[in-house]
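For reference, the structure discussed in these notes is given below.
There are 2 protein chains.
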Amino acid sequence: MQHQKFITDKVVIDVGCGTGVLSIFCARAGARRVYAVDASLIANQAKQVVEDNNLSDKVIVLHGRIEVCYSCFLDVEIEETVDVIISEWMGYMLVYESMLESVIFARDKWLKPGGLILPSHASLYMAPVTNSERYHQSIDFWHNVYGIKMSALIPFAKLTAFEEPSVETIKGENVLTWPSLVTEVDCYTVRVQELKTITAKYEFSSMLQAPLHGFAFWFDVEFNGPELPVLNYYYNQLTSGSLSQDQHPHSSGHLRKRPKSEEAVILSTAPEDAPTHWQQTLVYMFDPIQLEEGQIVEGSVTISQREEHSRFLNIRLEFNSGGRSFEKVSVLR
Amino acid sequence: MQHQKFITDKVVIDVGCGTGVLSIFCARAGARRVYAVDASLIANQAKQVVEDNNLSDKVIVLHGRIEVCYSCFLDVEIEETVDVIISEWMGYMLVYESMLESVIFARDKWLKPGGLILPSHASLYMAPVTNSERYHQSIDFWHNVYGIKMSALIPFAKLTAFEEPSVETIKGENVLTWPSLVTEVDCYTVRVQELKTITAKYEFSSMLQAPLHGFAFWFDVEFNGPELPVLNYYYNQLTSGSLSQDQHPHSSGHLRKRPKSEEAVILSTAPEDAPTHWQQTLVYMFDPIQLEEGQIVEGSVTISQREEHSRFLNIRLEFNSGGRSFEKVSVLR
Chain H
1 MQHQKFITDK VVIDVGCGTG VLSIFCARAG ARRVYAVDAS LIANQAKQVV EDNNLSDKVI
61 VLHGRIEVCY SCFLDVEIEE TVDVIISEWM GYMLVYESML ESVIFARDKW LKPGGLILPS
121 HASLYMAPVT NSERYHQSID FWHNVYGIKM SALIPFAKLT AFEEPSVETI KGENVLTWPS
181 LVTEVDCYTV RVQELKTITA KYEFSSMLQA PLHGFAFWFD VEFNGPELPV LNYYYNQLTS
241 GSLSQDQHPH SSGHLRKRPK SEEAVILSTA PEDAPTHWQQ TLVYMFDPIQ LEEGQIVEGS
301 VTISQREEHS RFLNIRLEFN SGGRSFEKVS VLR
Chain X
1001 MQHQKFITDK VVIDVGCGTG VLSIFCARAG ARRVYAVDAS LIANQAKQVV EDNNLSDKVI
1061 VLHGRIEVCY SCFLDVEIEE TVDVIISEWM GYMLVYESML ESVIFARDKW LKPGGLILPS
1121 HASLYMAPVT NSERYHQSID FWHNVYGIKM SALIPFAKLT AFEEPSVETI KGENVLTWPS
1181 LVTEVDCYTV RVQELKTITA KYEFSSMLQA PLHGFAFWFD VEFNGPELPV LNYYYNQLTS
1241 GSLSQDQHPH SSGHLRKRPK SEEAVILSTA PEDAPTHWQQ TLVYMFDPIQ LEEGQIVEGS
1301 VTISQREEHS RFLNIRLEFN SGGRSFEKVS VLR
């Protein structure tokens, strides 16, 4: 609704429309025509919802796939170009089971030059976290169970609790310092291949003396208007991977490089903001590391789709601090 | 510990020992020897726990199956009879993924005549419940979503929320009247075949005027001493199925027929008692039925293991009240 002026009288495509809620918002914002597309059977319900809200003349619900599929032939036919693409494509940790590939496909096939994509940008962040409560509940419990020493179960408890990433809601106070940008997605220019593997270095300086239990990942998305700020040279170099964060002249990794548009609306899933169904994604270490105030924690993270199971995400975390280093590979599934 | 006098100097088998906690309790209660048996790899941890608590001379951890298995030959060898069987065999709704069959096998193979089984008896109950909060959250939400009429999604929301049984914790105030006994298990006499299908009639008189949203199931188990009360004739007839509740001379279905032993210790998972990890199992109806105070709700329930998937439970519920009747089949999986 804040971008109503860019939507009134325009043709819109809603990629993965689900119940049709965003398509109806666009129709209410004055869109001339909205193509609401979903490959799932929810499209039938969306069609009914559109009818029940007397918008069948504006919202065309299509049950089918955005991408061309040469084996199922279920791709939708849209015989015009569109002014606006809207989509709620984000998954856990931004990219888990994300529909961004469909957005890219729709963009390259139907979006007019100069058209609008909402959201327009997405940023994935990470930060070191402390979470003693979680650690005590999962691990320390076993030291004494009704007077029985059960420490033998701790390795097993650690595997159960911390081997794989977990989607949970933490609080702002669990976060030990400012987050680091893992990747930023420009929906106008991103290519499918860039999403297969995301690698970033990180460097944190703990603001507190506290046990480090692991790292949290979260994202925000921006809904910028069509006049995009020119991305600066270093930002482009950084995200294209030709310049490492170490080489970046303003490199701290902690602040976003791209100035925000004044028109931007931001949806944040950060621990300090209101909880969302995306929560945060946590990669815990098997053992906490006591951090001093100001202690540097650095390393890298690589997030990649598993080839044999493209919906699974591999998360490889390299860690160095205070002479300790390790690598942890876990799978969000 | 309350039955310590029956355990001191005795030989015990712990069926499905898990971490070994019950075996260690028995050793501390003075058992001469405890066979702690588990088919899962947790047996390795249990062995270490026993060592760490200096009980290796009393507790013998065996990794293997209680039942004879002619294909895997992983059944355990215990070369003596035992005085006591202990087991934490209960699953959700008592019988879901229960290990009672292993207890029966162990009883018939190793328990001395006059030996003790703990728990000795189990009772499964059901009661009608009202839960408007749950219904509103799952269903009424869709009437108006940010000003959009989304009632078309209600059939889908009902399927998602109420098609299958759910394991959740309700409160005593959700329960509309006294529970009805679905089945009672006497661990000394129960046979495997009796567990395959459990059928019971029920009849409730609502104590409140309230919407009926479904039925809750829960259980308790009793730890009776070895001197069992003689079960009365009608109770035996009732549970063996040769006499329906309608024919029962004192039939209300609401009160247990078997007098409790004075020595009984009871573990209850009822909504009015402290929550446990078993919670309660709820079978919701797709639509609430407004009950008047004193209105009779009657019908029957059949709980059966699915042949193709023996860990799944089929729950068939027949319902009659105020001229309305229906049947609902759902699967706890």
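Protein chains in written order, with the numbering used here: chain H, 1 to 333; chain X, 1001 to 1333. Note that the Cβ used here is the ideal one computed from N, Cα and C, for glycine as well. For clarity, every value in this text was computed on a predicted model and none was experimentally measured.
Which of helix, strand or coil does DSSP assign to residue i?
| i | result |
| --- | --- |
| Y135 (chain H) | helix |
| P1155 (chain X) | helix |
| L1243 (chain X) | For L1243 (chain X), the predicted structure reports a pLDDT of 41, less than 50, and the residue's modelled location is therefore unreliable. The matter cannot be settled from this model. |
| N36 (chain H) | Residue 36 (chain H) is actually Ala in this sequence, not Asn. Strand at A36 (chain H). |
| E184 (chain H) | strand |
| V1192 (chain X) | helix |
| A1127 (chain X) | strand |
| D9 (chain H) | coil |
| R1306 (chain X) | coil |
| R28 (chain H) | helix |
| L1074 (chain X) | coil |
| F162 (chain H) | helix |
| V21 (chain H) | helix |
| T269 (chain H) | coil |
| L1118 (chain X) | strand |
| E1298 (chain X) | strand |
By Cβ distance below 6 Å, which residues in the same chain neighbour residue i in space, the five residues on each side in sequence not counted?
| i | result |
| --- | --- |
| M285 (chain H) | G214 |
| C1187 (chain X) | I1117 and S1120 |
| M93 (chain H) | F217 and T281 |
| R1065 (chain X) | A1039, L1074 and D1075 |
| H1063 (chain X) | A1043 |
| S23 (chain H) | D14, C17, V34, A36 and V59 |
Which residues mark the beginning and the end of the alpha helix (DSSP H) in which residue i is found?
| i | result |
| --- | --- |
| F105 (chain H) | L100 to W110 |
| V50 (chain H) | I42 to D52 |
Assuming residue i is part of the beta strand (DSSP E), what are its boundary residues?
| i | result |
| --- | --- |
| V1175 (chain X) | Note, V1175 (chain X): premise wrong, no beta strand (DSSP E); not H, not E. |
| S1166 (chain X) | S1166 to E1168 |
| N1144 (chain X) | First-last for N1144 (chain X): undefined, no H or E at that position. |
| D1273 (chain X) | No beta strand (DSSP E) contains D1273 (chain X), which DSSP labels as neither H nor E. |
| N1224 (chain X) | First-last for N1224 (chain X): undefined, no H or E at that position. |
| S1087 (chain X) | V1082 to S1087 |
| H1003 (chain X) | That residue, H1003 (chain X), is in no beta strand (DSSP E); it is neither H nor E in DSSP. |
| A200 (chain H) | T197 to S205 |
Using 7 Å as the limit for Cβ to Cβ distance, is residue i near chain X?
| i | result |
| --- | --- |
| V49 (chain H) | yes |
| I86 (chain H) | no |
| Q45 (chain H) | yes |
| I24 (chain H) | yes |
| I148 (chain H) | yes |
| F156 (chain H) | yes |
| Q237 (chain H) | In this predicted model, Q237 (chain H) has a pLDDT of only 43, less than 50, meaning its place in the structure is not dependable enough to derive any value. |
| T276 (chain H) | no |
| N53 (chain H) | yes |
| T19 (chain H) | yes |
Consider the Cβ of residue i: report whether some Cβ of chain H lies at a distance smaller than 7 Å.
| i | result |
| --- | --- |
| A1152 (chain X) | yes |
| E1327 (chain X) | no |
| D1338 (chain X) | With chain X represented from 1001 up to 1333, any question about residue 1338 (chain X) goes unanswered, as that position is not in the structure. |
| P1249 (chain X) | Note that P1249 (chain X) has pLDDT 35, beneath the 50 cutoff, so the model's placement of it is unreliable and no number is given. |
| T1008 (chain X) | no |
Ordered along the chain, which non-local residues of its own chain (more than five positions away) have a Cβ less than 7 Å from that of residue i?
| i | result |
| --- | --- |
| V1192 (chain X) | E1101 and I1104 |
| H1130 (chain X) | Reading off the sequence, residue 1130 (chain X) comes out as Thr, not His. Counting only Cβ-Cβ distances below 7 Å, and skipping sequence neighbours, we find N1174, L1176, A1210, P1211, L1212 and H1213. |
| T69 (chain H) | In the sequence as displayed, the identity of residue 69 (chain H) is Cys instead of Thr. Excluding positions up to five away in sequence, the list reads D75. |
| T1169 (chain X) | P1275, Q1279 and Q1280 |
| T19 (chain H) | I42, Q45, A46 and V49 |
| K58 (chain H) | A27, A31, R33 and V34 |
| K1196 (chain X) | S1304 and Q1305 |
Could you pull the DSSP bridge partners for residue i from this structure?
| i | result |
| --- | --- |
| T1281 (chain X) | X:V1167 and X:F1217 |
| L212 (chain H) | H:I289 |
| E315 (chain H) | Per the sequence presented here, residue 315 (chain H) reads as Ile, with Glu not at that position. Answer is H:I303 and H:S330, bridged to I315 (chain H). |
| L94 (chain H) | H:G91 |
| L62 (chain H) | H:V37 |
| Y1014 (chain X) | The identity of residue 1014 (chain X) in the sequence shown is Asp, whereas the question assumes Tyr. The partner list for D1014 (chain X) (beta bridge, DSSP) reads X:A1036 and X:I1086. |
| S56 (chain H) | Looking at the DSSP assignment, S56 (chain H) forms no beta bridge with any residue, so it has no partner. |
Tell me which residues share the same chain as residue i and place their Cβ nearer than 8 Å to its Cβ, disregarding the 5 neighbours each side in the sequence.
| i | result |
| --- | --- |
| S1325 (chain X) | G1299, E1318 and F1319 |
| E1327 (chain X) | R1316, L1317, E1318 and F1319 |
Closer than 7 Å by beta-carbon distance: list the chain B residues that pair up with residue i, in chain order.
| i | result |
| --- | --- |
| V145 (chain H) | Judged by its chain identifiers, the structure shown contains no chain B, and its protein chains are H and X. |
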